[in-house]
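S.K.: Here it is: the structure, laid out below.
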Amino acid sequence: MNNIRILLILTALLISPSGAAVDLLASAPTQAGMNRDACDEAEAAAAALQAEYDALLDRHASDPQTQALIREARDAYETFRQAHLAAFRAASKGSVAPMCHCMAARTLAESQQPMVAASPEGDVCAW
Numbered sequence: 001m002n003n004i005r006i007l008l009i010l011t012a013l014l015i016s017p018s019g020a021a022v023d024l025l026a027s028a029p030t031q032a033g034m035n036r037d038a039c040d041e042a043e044a045a046a047a048a049l050q051a052e053y054d055a056l057l058d059r060h061a062s063d064p065q066t067q068a069l070i071r072e073a074r075d076a077y078e079t080f081r082q083a084h085l086a087a088f089r090a091a092s093k094g095s096v097a098p099m100c101h102c103m104a105a106r107t108l109a110e111s112q113q114p115m116v117a118a119s120p121e122g123d124v125c126a127w
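The numbers in the sequence shown follow the UniProt record's numbering, run straight up by one, and end at 127.
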């Protein structure tokens, strides 16, 4: 059992330099628990990203053309995300595959969020 735990920790370190998988291991000592926790975190990151898109659309409520372009960008990102995760899922094997898939989904959402987030007032390059 200890060998499996060590293997999981090493795998987690390889796929998550930030140590997120190690945190999952500490909070959920079973693979099923780690899978569930990783997917919960991915859902939270996706919800935060959607909130940023909603805020951006609200900020441009008086400009339907800009809103249409924002929606087009959001849809293009979603197409990319789905294709990326499908390829990732196909390459992942074993009981850690669901955890790895959800960790990749979380990373994608978190990396997209700053590009969508509201810019500081006075930023001439803001949305």
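From the three backbone atoms N, C-alpha and C, an ideal C-beta is built for every residue, glycine too.
1) With a threshold of 8 Å on Cβ separation, who are the neighbours of ALA61 within its own chain once the five nearest residues in sequence on each side are excluded?
2) Could you compute how far the alpha carbon of ALA97 sits from the alpha carbon of GLN65?
3) Alpha helix (DSSP H) containing VAL96: first to last residue?
4) From ARG89, ALA46, PRO29 and MET34, pick the residue whose C-alpha is nearest to that of GLN112; which is it?
5) Using CA atoms only, rank isn't needed, just tell me which of ALA76, VAL124 and MET115 is closest to ALA48.
6) Mark ALA83 as exposed unless 16 or more other C-beta atoms lie within 10 angstroms of its C-beta, in which case mark it buried.
7) Beta-carbon within less than 6 Å of GLU41's beta-carbon, same chain only, minus the 5 sequence neighbours each way: which residues are those?
M.R.: On the basis of the data shown:
1) For ALA61, where only same-chain residues beyond five positions count, the Cβ hits under 8 Å are GLN67.
2) Between ALA97 and GLN65, the C-alpha separation is close to 41 Å.
3) Under the DSSP assignment, VAL96 falls outside any alpha helix (DSSP H); it carries neither an H nor an E label.
4) Restricting attention to ARG89, ALA46, PRO29 and MET34, the CA atom closest to the CA of GLN112 is found in ALA46.
5) Taking only the C-alpha atoms, the option nearest ALA48 is MET115.
6) Classification for ALA83: exposed.
7) Cβ within range, chain order: ARG106.
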